[in-house]
Amino acid sequence: MPGVLKPAPATPTGPEGDGSLYKKRVKVHPKKVEGPFRRFKWAVLFLTLGIYYLTPWLRWDRGPFSPDQAVLVDLANRRFYFGPIEIWPQEFYYVAGLLIMAGLGLFLVTTSVGRAWCGYACPQTVWTDLYMAVERWIEGDRNERIRLDKAPMSAGKLAKRSTKHAIWLLIAVLTGGAWVFYFTDAPTLLRELLTGQAPFVAYATIGVLTFTTYSLAGLMREQVCTYMCPWPRIQSAMLDEDSFIVTYKAWRGEPRGSAKAKDANLGDCVDCMACVNVCPTGIDIRNGPQLECITCALCIDACNDVMGKLDRPKDLIGYTTLERDIAESKGEPLPPMWKTLLRPRVLIYFAVWAAIGIGMLVVLAGRSRMDISVAQDRNPVYVQLSDGDIRNSYTVKLMNKEPRPRQFDLSVSGLDNARLANPRMGEAPAKRIRLDVRPDGVDTYTIQVRVPAASIHAEQSDIVFKAHAADGDGDVMETTRFSAPESAVKAR
Amino acid sequence: MSADPKKPESGPGTTGHEWDGIEELNNPLPRWWLWIFYASIAFSLVWVVLYPAIPIPGGYTKGTLGYSGRTEGEQALAALKAQRAEALKGFDAVPLNELKNNPQLMQAAVEGGRSAFKIYCIQCHGTGAAGGKGYPNLNDDDWLWGGSMEEIHATLVNGVRQPGNDDTHMSLMPAFGKDGLLTKAQIADVTEHVLAISGQEHNAAMAARGSATFAQQCASCHGPNGEGMRQFGAPNLRDAIWLYGGSRADITATITTARAGVMPAWKGHLPESTIRQLTAYVHSLGGGE
């Protein structure tokens, strides 16, 4: 009855019907499979893990004042190095832009080819694949593993289990170990790690990542995708009837039946369970698209293998869209692939994605390698000097983003006969002063600007600080205010 | 897991709750979630043993690690003091005049002086050392008693007009009007003269008369041209800076009742090192000589 609260049953029912509030995990034993998608997944695995493990060891010469690690997230000095690109904290919007691009890229990929990220490139998938390969190597394929699980503990089982977990732990340690190299000079840190002299945070990070890698890729596996990851829930908003996803062509396969039956009414599916046995998340793709499906396409390989042996057409399970699947079932001609792929939604995602990328590249190419920031001192805002001149103090920060020491010439405009002085230097005020700025860093100066009363026409005037690189390589300006007492303005 | 939850024979069924046809599924939690729940309980038990946790009458459980935020704060403060001492190593032995040859020590002294200034000096001189009427602005280039390191130091040590201190800065301006030394007309004339020498709008005839009175009564301290005399802390009357105001009314009031500001002698109240740091700070404000 709508709107009416029905009484709850006395005992909640679990899937096992045992009244448990908690669901036991059904262990998945994926079977080995070979085929083009499996080969593609191996290729992605080697590529992504190769990038992950080797990147910190690439070198990039930046001269004597900057580190020579190609990719370095230098948290202590707040610098981010990516080859020729160096990002300062105040330029973090580049990283934000990359994250937005990654998000849009995920939308773009998902809306065109489904959860390709989940199936091939997600670290959870890659490491789980690696861990499963180790498991298969030590404990054998699906049936052997099921037998081993059921077998009572014996010396042989213990040996297999402990070898497997030892290798898993080793991979986990190496995973955490590679991560920390991104944050400091890799060769130095490796030496320190091996001699026990590395900072505590390095060991702690390795420890945490060892634990997460071991438990997520070794023990949790598909549970991470099913329960922990939000993406499976979001994907349904990304997919539509034109998204290519792993699909069981039920119109071709049903009704299922043994190949030996020779019944003309039966479909192509021989109910061999090959697709279920290879599934890393333990689902049956023949039930249609499901939350748990990461679209790794291993069921396609498995099914095509069987179809090949039976001399039946391939792709009973295959990448197709809902629209195309319906059209195919009716025997209608299919539109070309590119037409399905290049639909407005995909193009818009791509356009936005590309626009952000191009915009960032343009900004990056044109960015200044120096910067200035000027803050007028507020206490006191002005000082009247004995000859009637008014003096304001400013905290001037000069940023030199080049990895070499530079000198900037500082001058002000906006008020006639304004003169600057760096009180630390004890020199007489001048129209232009030269200041040293450290390589790849910020130097802060207190700069006093002295203006004759005759030049002052208002209590607040705009003045412009200009820093000109002495090597001629750049100019930056900042507008700020010059304050004077009411009496100095009135006196005129 | 592929089961359709709405099919009672395969799924978890519903809780029986239904609103307008929308039913609440009775999906059980995964078992590992329960383990994490237990793990967090275990964690909290360990925490309760190790750290301050439970309020009890008369205090709280202290925990076996002996941690307390107060101790941590004290340690941080001690570390900070040690850091300062390190930065100021050798400072006491360096003559103030030679400090400029050691920029790092100079900076440490200026920063030490800045924090001491915020405690002992801002009551009169203001947080920005800009002073106010009757309290000198320490940022400018005008000094009553001198703006060199030594002179600033001397002012800090012995103060201004401190009774019972032989070394204090001492001088006394007569209250020309109150004590009847000058007539009101004479005071008005001297006022016009002071306005004249400081480049302000004035009555020339009165100023000319006042000039003679000034030479007689004021020049002994303020100098024949009104340029002031630091020996007596007598201000320069020709510049743009007025401790008690430079308007006609202010100058008249000053001549009539006189001014005699005071400043504490910090010797004995503050360690010599702190006084020297204050000297460096005040000298660094922009008017140091």
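Those sequence lines, one after another, are chains A and B.
In terms of the numbering used here, the first sequence opens at residue 139 and continues consecutively.
In terms of the numbering used here, the second sequence opens at residue -14 and continues consecutively.
All residues carry an ideal CB built from backbone N, CA and C; glycine is no exception.
Since the structure is predicted, the reported quantities are computational estimates derived from the model, not experimental observations.
- Message: Can you find the residues in the same chain that come closer than 7 Å, C-beta to C-beta, to V362 of chain A, ignoring five residues on each side of it along the sequence?
- Response: Q262 and L354
- Item | Partner residues on chain B for R163 of chain A, Cβ-Cβ distance less than 9 Å | Here the neighbours are P15, R16 and W17.
- Task: List the endpoints of the continuous alpha helix (DSSP H) containing Y191 of chain A.
- Result: For Y191 of chain A, the uninterrupted alpha helix (DSSP H) run begins and ends at P174 to L192, by DSSP.
- Task: Quick one: list the residues of chain A neighbouring T112 of chain B, beta-carbon separation under 8 Å, in chain order.
- Result: Within chain A, N517 have C-beta atoms less than 8 Å from the C-beta of T112 of chain B, given in sequence order.
- Message: Can you look up L14 of chain B in the DSSP assignment and give me helix, strand or coil?
- Response: strand
- Residues from the segment 70 to 90 of chain B in contact with chain A, defined by Cβ distance under 9 Å: K85 and P88
- Below-7 Å beta-carbon distance, E48 of chain B vs any chain A residue: Checking the sequence, you will find Gly at residue 48 of chain B rather than Glu. Not an interface residue.
- Task: Could you tell me whether the segment 591 to 603 of chain A touches the segment 525 to 533 of chain A, using the rule of 3 or more Cβ pairs below 8 Å?
- Result: Short answer: they touch.
- Is it true that the CB of T186 of chain A sits closer than 7 Å to the CB of V264 of chain A? Yes.
- With W251 of chain B and V142 of chain B assumed to form a contact (beta carbons below 8 Å), what rounded beta-carbon distance in angstroms separates them? 6 Å
- Who are the neighbours of P561 of chain A on chain B, taking C-beta pairs under 9 Å? S269, L270, G271 and G273
- Query: Exposed or buried, what is H254 of chain B when buried is set at 16 or more other beta-carbons lying within 10 Å of its beta-carbon?
  - Reply: exposed
- Message: Whole angstroms are fine: how far does the CA of R562 of chain A sit from the CA of G230 of chain B?
- Response: 31 Å
- Query: Taking the C-alpha atoms as reference points, what is the distance between L90 of chain B and A78 of chain B?
  - Reply: 11 Å
- Of the choices A:C367, A:P370, A:G497 and A:W317, whose alpha-carbon is the least far from that of V346 of chain A? A:W317
- Message: Using only CA atoms, which one of A:A465, A:S374 and A:R280 lies nearest to V251 of chain A?
- Response: A:S374
- Message: For G456 of chain A, list the residues DSSP reports as bridge partners.
- Response: A:T385
- Based on the DSSP secondary-structure assignment, which residues constitute the bridge partners of E616 of chain A? A:F603
- For I226 of chain B, return the contacting residues in chain A, with the cut-off set at a CB-CB distance below 8 Å. Q522, L523 and S524
- Identify the contact partners of D164 of chain B in chain A, using a Cβ-Cβ distance below 9 Å as the criterion. Per Cβ cutoff of 9 Å: no residues; D164 of chain B is ~30 Å from chain A at best.
- Nearest-angstrom Cα distance between G119 of chain B and A243 of chain B? 12 Å
- Just reading off the alpha helix (DSSP H) that E57 of chain B is part of, what are its end residues? G54 to A72
- Query: Closest to R570 of chain A by CA distance: which of A:V408, A:R576, A:H606 and A:P473 is it?
  - Reply: Out of A:V408, A:R576, A:H606 and A:P473, the CA that lies nearest to the CA of R570 of chain A is found in A:H606.
- Query: In its own chain, which residues sit with a C-beta less than 6 Å from the C-beta of L143 of chain A, not counting the 5 before and 5 after it?
  - Reply: Because the pLDDT at L143 of chain A is just 45, under 50, the model does not fix this residue reliably, and the point stays unresolved.
- Query: How about Y160 of chain A: is its C-beta nearer than 7 Å to some C-beta of chain B?
  - Reply: Chain B contact via Cβ: present.
- Query: Is the CB of I137 of chain B under 7 Å away from at least one CB in chain A?
  - Reply: no
- Item | Cut-off 7 Å between Cβ atoms - residues of its own chain near L270 of chain B, not counting five sequence neighbours on either side | A114, L123 and N124
- Query: Three-state secondary structure (DSSP) at F546 of chain A?
  - Reply: strand
- Burial state of N11 of chain B (16 or more Cβ within 10 Å): buried
- Query: If contact means a Cβ-Cβ distance below 9 Å, which residues of the segment 349 to 366 of chain A contact chain B?
  - Reply: L357, M358, E360, Q361, T364 and Y365
- For V569 of chain A, name the three-state secondary structure that DSSP assigns. Position check: residue 569 of chain A holds Lys in this sequence, whereas Val was assumed. Reduced to three states, the DSSP call for K569 of chain A is coil.
- Message: Can you give me the C-alpha to C-alpha distance between P(-7) of chain B and T0 of chain B, rounded to a whole angstrom?
- Response: Confidence at P(-7) of chain B is low in this model, with a pLDDT of 47, below 50, so its placement is unreliable and the value that follows should be read with caution. So the alpha carbons of these two residues sit roughly 12 Å apart.
- Query: In chain order, which continuous runs of the alpha helix (DSSP H) of length 4 or greater are located wholly inside the segment 77 to 128 of chain B?
  - Reply: Runs found: 88 to 105 and 107 to 110.
- Message: My parser needs the alpha helix (DSSP H) runs of 4 or more residues fully inside the segment 403 to 470 of chain A; what are they?
- Response: 412 to 415, 436 to 447 and 460 to 467
- Report the three-state DSSP secondary structure of R507 of chain A (helix, strand or coil). coil
- Task: Report, in whole angstroms, the separation of the C-beta atoms of P194 of chain A and F338 of chain A, which I expect to be a contact under 8 Å.
- Result: No, P194 of chain A and F338 of chain A are not in contact; Cβ-Cβ is about 20 Å, not under 8 Å.
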